[in-house]
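Residue numbers (the working numbering), protein chains in the order written: chain B, 233 to 687; chain L, 253 to 439.
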Amino acid sequence: MEPKQLTKKQKHWLQYESDEWVEQGVINSQQQSQILGRYSTSYVESFYSSWSSLLLISLGAILIGGGIVLLIAHNWESFGKGTRTVLSILPLLLAQALTWYSVRYKPQLTGLREASGILLFFAVAASIALISQTYHIYGDLERFLVTWLLLGIPTLYLVESAGVLMLVCALILWLCGLEREPYWLYYLTLVPYLYSLYKRQRLVLFHWALWFIVIGTTISIIYSVAWNSPLDDWMIYITLALCGFYYSLGKWLFGFKEHGFWANPLCSAGVLGILFISLLLTWEDFYFISLLLTWEDFYRYSRLDTEANWGFNDYLILSVFAISIVSIVSFLIHKFKSLQIHQWLLIGSVLLAGLGMAGFQLGLSELVYIVLVNVYVLVASVVLMSQGIRQHRLMLLNGGLLWFSFLVLFRFFDSDIPFVLKGVVFIFIGSAFIGVNIWYNKKLKQQAEQQEGQA
Amino acid sequence: MKLKIILLIALFAIQLAIPGYMIFEQNQILTEGTAYKFKTRPIDPYDPFRGRYVTLAFEANQEVIPVVDGADIESEQWVYALLGVDEEGYAVLRGLTDTKPDSGQDYLYLETYYRSYDGGYHVKLPFNRYYASEKSAPKIESAVWRRQRDEVENVYAVIRVLNGKGSIEELMVNDMPIHEYIAHTSE
Numbered sequence: 233m234e235p236k237q238l239t240k241k242q243k244h245w246l247q248y249e250s251d252e253w254v255e256q257g258v259i260n261s262q263q264q265s266q267i268l269g270r271y272s273t274s275y276v277e278s279f280y281s282s283w284s285s286l287l288l289i290s291l292g293a294i295l296i297g298g299g300i301v302l303l304i305a306h307n308w309e310s311f312g313k314g315t316r317t318v319l320s321i322l323p324l325l326l327a328q329a330l331t332w333y334s335v336r337y338k339p340q341l342t343g344l345r346e347a348s349g350i351l352l353f354f355a356v357a358a359s360i361a362l363i364s365q366t367y368h369i370y371g372d373l374e375r376f377l378v379t380w381l382l383l384g385i386p387t388l389y390l391v392e393s394a395g396v397l398m399l400v401c402a403l404i405l406w407l408c409g410l411e412r413e414p415y416w417l418y419y420l421t422l423v424p425y426l427y428s429l430y431k432r433q434r435l436v437l438f439h440w441a442l443w444f445i446v447i448g449t450t451i452s453i454i455y456s457v458a459w460n461s462p463l464d465d466w467m468i469y470i471t472l473a474l475c476g477f478y479y480s481l482g483k484w485l486f487g488f489k490e491h492g493f494w495a496n497p498l499c500s501a502g503v504l505g506i507l508f509i510s511l512l513l514t515w516e517d518f519y520f521i522s523l524l525l526t527w528e529d530f531y532r533y534s535r536l537d538t539e540a541n542w543g544f545n546d547y548l549i550l551s552v553f554a555i556s557i558v559s560i561v562s563f564l565i566h567k568f569k570s571l572q573i574h575q576w577l578l579i580g581s582v583l584l585a586g587l588g589m590a591g592f593q594l595g596l597s598e599l600v601y602i603v604l605v606n607v608y609v610l611v612a613s614v615v616l617m618s619q620g621i622r623q624h625r626l627m628l629l630n631g632g633l634l635w636f637s638f639l640v641l642f643r644f645f646d647s648d649i650p651f652v653l654k655g656v657v658f659i660f661i662g663s664a665f666i667g668v669n670i671w672y673n674k675k676l677k678q679q680a681e682q683q684e685g686q687a
Numbered sequence: 253m254k255l256k257i258i259l260l261i262a263l264f265a266i267q268l269a270i271p272g273y274m275i276f277e278q279n280q281i282l283t284e285g286t287a288y289k290f291k292t293r294p295i296d297p298y299d300p301f302r303g304r305y306v307t308l309a310f311e312a313n314q315e316v317i318p319v320v321d322g323a324d325i326e327s328e329q330w331v332y333a334l335l336g337v338d339e340e341g342y343a344v345l346r347g348l349t350d351t352k353p354d355s356g357q358d359y360l361y362l363e364t365y366y367r368s369y370d371g372g373y374h375v376k377l378p379f380n381r382y383y384a385s386e387k388s389a390p391k392i393e394s395a396v397w398r399r400q401r402d403e404v405e406n407v408y409a410v411i412r413v414l415n416g417k418g419s420i421e422e423l424m425v426n427d428m429p430i431h432e433y434i435a436h437t438s439e
């Protein structure tokens, strides 16, 4: 009879308990070893349960999958159509068999499940690719990736593999950067899965997937409106609103407790976006930026092109813009009391978008707008720094310092300001940067010593 | 668990059905479709998933295809291209229409590319990939290019057409399948 599988912990418990039974004379030592012999700790489970082994197994499965794809891409002309057809279906059948065995008979073996899920994911692509090759079916990478993705998403739900989740996320990200279509909508199909990860406290995986979603969606939206879209002049405002939305959604979902940079992708990406875009808006002469981003005089042309061709994607992005604004406002209303001043200022940056659009309609001078934005960033960054100091939060302090320093650095490239003044300001700010950090670290150390003394 | 097993079986079936359907469809076109000769010129690129192939630059891709009277057609629209044969026996696209042709008339279902000043459209023939091994693909390209410079070469793809879809049967040079031709010339 095959021994029953136990985890190491369970086996340890049994060993401990049975030692006591022997001592108390309930059983003798021969019986004890007989009982213990009926159970075995699964070698597979103990080996596969650690993260590093899981990573190695996933990597192995990805390599094997990639190898199959390459072998197939090689194209064996000497084989007939029949042989090649069998060869194209074979990896798929083998991967399906392995997946079947894993899900049906060994659902507790994470390593096996990961490996079979990843192999199945690649085998699907390999079989489609080889059939295309055998029959010279024309190549359309987008269609190929979409078919692959549509077969990959149910695989994720049924096999529940972390590797497949990452691959699906990466595939959507690829599609987001490939075409100016709203492929980010596919991320919505992952929401139930992510929710279950969150419930099961599989947080590392959850955060990773969320980073993919935030990056993919942002790239897709920026790419879709970057040029030749009726919304292209609003691009900077739409992105700013989206970042404000990410930030407030992050706070809303995960609460106001600090989780660290990687653990709250929504907040982190939102803040990065807000800081970056607000700095872009401080430029009067957009020439420098337009070298990098080909945006010209966004403020002067902030109007919607009503004559251009409006497609589904444009309306969708406009809705995203509207939803972002509405969400930000309702977040502010709901969390009115819990919001601190620096959070108000970060979210308030979205107002710069509204001011830009309204300002254009009302005929506000461009210079006035630029000055207002500069003052806003200056004040907000200083407030961020002081809040960081008051709350003993180094990340907040450095975030404020970075925002402030970049504002100054950008002004360095403004040709209208005299060099001597620039030099003095730079030395002053550089020293302040170093000084504040040293002073702050000292203060932390003192506090730690005081606490030790009290203890 | 039972539901999961059923769903898993369904997923497996779909995963197998997609390549299965692709094979079925291509076989149907190749066995039941009408053969047409499309003049072409191959060039050799590469696809990370599907390997080496030669892109077929069809002459029809360079021509402006007229619009059939009464048809309402725009750029980047899926249309029916009516097929015919010229005096030399090569396939030509006679016209583009937005209504499905009657049975008996062969056609290709394809997307228009952009509009020409005379009202016709440029199109792209979809069956533009001839897969070959890493060894053969560059040979096919260089053989055809080299020969084309010296003499007028007769390069075409035999395409089987059925219900608007086309599938490559063979790539021919001087009425010889390309692999035979390469073997022949390298001797």
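Idealized CB from N, CA, C, for every residue including glycine.
> What is the DSSP secondary structure of G492 (chain B), reduced to helix, strand or coil?
Replying inline: Residue mapping note: residue 492 (chain B) aligns to position 260 of the first sequence, counting from 1. In this structure, G492 (chain B) counts as coil in the three-state DSSP scheme.
> Out of B:S461, B:F486, B:A402, which has the shortest C-alpha to C-alpha gap to K431 (chain B)?
Replying inline: Your numbering for residue 431 (chain B) matches position 199 in the first sequence. Of B:S461, B:F486, B:A402, the residue nearest in Cα terms is B:F486.
>> Could you tell me the alpha carbon to alpha carbon distance between W671 (chain B) and M627 (chain B), rounded to whole angstroms?
In response: For the purposes of this step, residue 671 (chain B) is taken as residue 439 along the first sequence, with counting starting at 1. For the purposes of this step, residue 627 (chain B) is taken as residue 395 along the first sequence, with counting starting at 1. So the alpha carbons of these two residues sit roughly 15 Å apart.
> Can the beta-carbon of W380 (chain B) be found less than 8 Å from the beta-carbon of A357 (chain B)?
Replying inline: Your numbering for residue 380 (chain B) matches position 148 in the first sequence. Your numbering for residue 357 (chain B) matches position 125 in the first sequence. Yes, the pair counts as a contact, with Cβ atoms nearer than the cut-off.
> Residues in the stretch 384-395 of chain B with C-beta within 7 Å of chain L's C-beta atoms, listed in sequence order?
Replying inline: Within the stretch 384-395 of chain B, P386, T387, L390 place their CB atoms closer than 7 Å to a CB of chain L, listed in sequence order.
> Residues in its own chain within less than 6 Å of G476 (chain B) by CB, not counting five upstream and five downstream?
Replying inline: Here the question's residue 476 (chain B) lines up with position 244 in the first sequence. The residues are I560, I579, V582.
> Beta-carbon separation of F563 (chain B) and W515 (chain B) under 8 Å?
Replying inline: Start at 1 with the first residue of the first sequence, and residue 563 (chain B) comes out as number 331. Start at 1 with the first residue of the first sequence, and residue 515 (chain B) comes out as number 283. No, these two residues do not count as a Cβ contact at 8 Å.
>> Counting only Cβ-Cβ distances shorter than 9 Å, please list the residues of the stretch 382-395 of chain L near chain B, keeping chain order.
In response: Y382, Y383, A384, S385, E386, K387, S388, A389
> Using a beta-carbon distance cut-off of less than 8 Å, what residues from the stretch 370-381 of chain L approach chain B?
Replying inline: P378, F379, N380, R381
>> Determine, for S327 (chain L), whether the minimum Cβ-Cβ distance to residues of chain B falls below 8 Å.
In response: Mapped onto the second sequence, residue 327 (chain L) falls at position 75. Not one chain B Cβ lies under 8 Å of S327 (chain L).
> Candidates B:Q572, B:L571, B:A554: which alpha carbon is nearest G586 (chain B)'s?
Replying inline: Here residue 586 (chain B) refers to the residue found at position 354 of the first sequence. The shortest Cα separation from G586 (chain B) among B:Q572, B:L571, B:A554 belongs to B:A554.
>> When you compare the CB of K291 (chain L) with every CB in chain B, is at least one pair closer than 8 Å?
In response: By 1-based counting over the second sequence, the position of residue 291 (chain L) is 39. So, not an interface residue.
> Which residues bound the beta strand (DSSP E) around H374 (chain L)?
Replying inline: Walking along the second sequence from the start, residue 374 (chain L) turns up at place 122. Where H374 (chain L) is concerned, the enclosing beta strand (DSSP E) stretches over 373-375.
> What distance in whole Å lies between the Cβ atoms of V335 (chain B) and L260 (chain L), which are believed to be in contact at a cut-off of 8 Å?
Replying inline: For the purposes of this step, residue 260 (chain L) is identified with residue 8 of the second sequence, where counting begins at 1. For the purposes of this step, residue 335 (chain B) is identified with residue 103 of the first sequence, where counting begins at 1. Right, their Cβ atoms sit about 6 Å apart.
> So which residues of chain L does V335 (chain B) contact, with C-beta pairs closer than 8 Å?
Replying inline: What you label residue 335 (chain B) is simply residue 103 of the first sequence in a count that begins at 1. Within 8 Å Cβ-Cβ: K256, I257, L260.
>> Quick check: is the beta carbon of Y478 (chain B) nearer than 8 Å to any beta carbon in chain L?
In response: Your numbering for residue 478 (chain B) matches position 246 in the first sequence. No, its Cβ sits nowhere closer than 8 Å to a Cβ of chain L.
> Which residue from L:Y366, L:G371, L:I317 puts its Cα closest to that of G347 (chain L)?
Replying inline: Taking the first residue of the second sequence as position 1, residue 347 (chain L) is located at position 95. The option with the nearest alpha carbon to G347 (chain L) is L:I317.
> Taking C-alpha atoms, which residue in B:G297, B:Q328, B:Q365 lies nearest to E309 (chain B)?
Replying inline: Numbered from its first residue, the first sequence carries residue 309 (chain B) at position 77. Nearest option by C-alpha distance: B:Q365.
> Tell me, which residues are paired with Y359 (chain L) by DSSP?
Replying inline: Position 107 of the second sequence, counted from the start, is the residue given in the question as residue 359 (chain L). Y359 (chain L) is bridged to L:L334.
> What distance in whole Å lies between the Cβ atoms of I447 (chain B) and I549 (chain B), which are believed to be in contact at a cut-off of 8 Å?
Replying inline: Here residue 549 (chain B) corresponds to residue number 317 of the first sequence, with the count starting at 1. Here residue 447 (chain B) corresponds to residue number 215 of the first sequence, with the count starting at 1. The Cβ separation is near 17 Å, so there is no contact.
>> For the structure I just gave you, are there three or more beta carbon pairs, one from the stretch 383-393 of chain L and one from the stretch 360-368 of chain L, closer than 8 Å?
In response: no
>> Taking its Cβ as the centre, do 16 or more other Cβ atoms sit within 10 Å of R316 (chain B), making it buried, or is it exposed?
In response: The sequence position of residue 316 (chain B) within the first sequence is 84, counting from 1. Label assigned to R316 (chain B): buried.
> Does any CB atom of chain B fall closer than 8 Å to the CB of F276 (chain L)?
Replying inline: Taking the first residue of the second sequence as position 1, residue 276 (chain L) is located at position 24. For F276 (chain L), the answer is no, since every Cβ of chain B falls outside 8 Å of its Cβ.
> Which same chain residues, not among the five before or five after Q278 (chain L), have their C-beta less than 8 Å away from its C-beta?
Replying inline: Position 26 of the second sequence, counting from 1, holds the residue named residue 278 (chain L). So the list reads S419, once near-sequence residues are dropped.
> Whole-angstrom Cβ separation of G343 (chain B) and L286 (chain B), contact assumed at under 8 Å?
Replying inline: Your numbering for residue 343 (chain B) matches position 111 in the first sequence. Your numbering for residue 286 (chain B) matches position 54 in the first sequence. Rounded, the Cβ-Cβ distance is 6 Å, consistent with contact.
> Span of the alpha helix (DSSP H) holding I267 (chain B)?
Replying inline: Numbered from its first residue, the first sequence carries residue 267 (chain B) at position 35. It spans 261-269 - the alpha helix (DSSP H) in which I267 (chain B) sits, taken as one unbroken run.
> With 8 Å set as the bound, which would you pick, yes or no: does the beta-carbon of S461 (chain B) sit closer than that to a beta-carbon of chain L?
Replying inline: For the purposes of this step, residue 461 (chain B) is identified with residue 229 of the first sequence, where counting begins at 1. Cβ-Cβ to chain L under 8 Å: no for S461 (chain B).
>> Run through chain B and tell me which residues come within less than 8 Å of E318 (chain L), C-beta to C-beta.
In response: Walking along the second sequence from the start, residue 318 (chain L) turns up at place 66. It should be pointed out that residue 318 (chain L) corresponds to Pro in this sequence rather than to Glu. Near P318 (chain L) there are no residues of chain B at all, since even the closest Cβ is about 24 Å away, more than 8 Å.
> F264 (chain L) CB to nearest chain B CB: under 8 Å?
Replying inline: By one-based count along the second sequence, residue 264 (chain L) stands at place 12. Flagged as an interface residue toward chain B: F264 (chain L), by a C-beta distance shorter than 8 Å.
> Closer than 8 Å, CB to CB, is I270 (chain L) near chain C or not?
Replying inline: Here the protein chains are B and L, and chain C is not one of them.
> Are the stretch 308-317 of chain L and the stretch 279-286 of chain L in contact at 8 Å, needing three or more beta carbon pairs?
Replying inline: no
> A293 (chain B) and G395 (chain B) look like a contact to me (Cβ under 8 Å); what is the Cβ gap, rounded to whole Å?
Replying inline: The residue you call residue 293 (chain B) lines up with position 61 of the first sequence. The residue you call residue 395 (chain B) lines up with position 163 of the first sequence. About 7 Å; that satisfies the 8 Å criterion.
> By DSSP, does F311 (chain B) sit in helix, in strand, or in coil?
Replying inline: Counting from 1 along the first sequence, the entry for residue 311 (chain B) is found at position 79. Note: F311 (chain B) maps to coil in three-state DSSP.
> Which of the three DSSP states, helix, strand or coil, is assigned to S368 (chain L)?
Replying inline: As a first step, residue 368 (chain L) must be located in the second sequence, where it is residue number 116. It is coil, neither helix nor strand.
> The beta strand (DSSP E) with F568 (chain B) in it runs from where to where?
Replying inline: Start at 1 with the first residue of the first sequence, and residue 568 (chain B) comes out as number 336. That residue, F568 (chain B), is in no beta strand (DSSP E); it is neither H nor E in DSSP.
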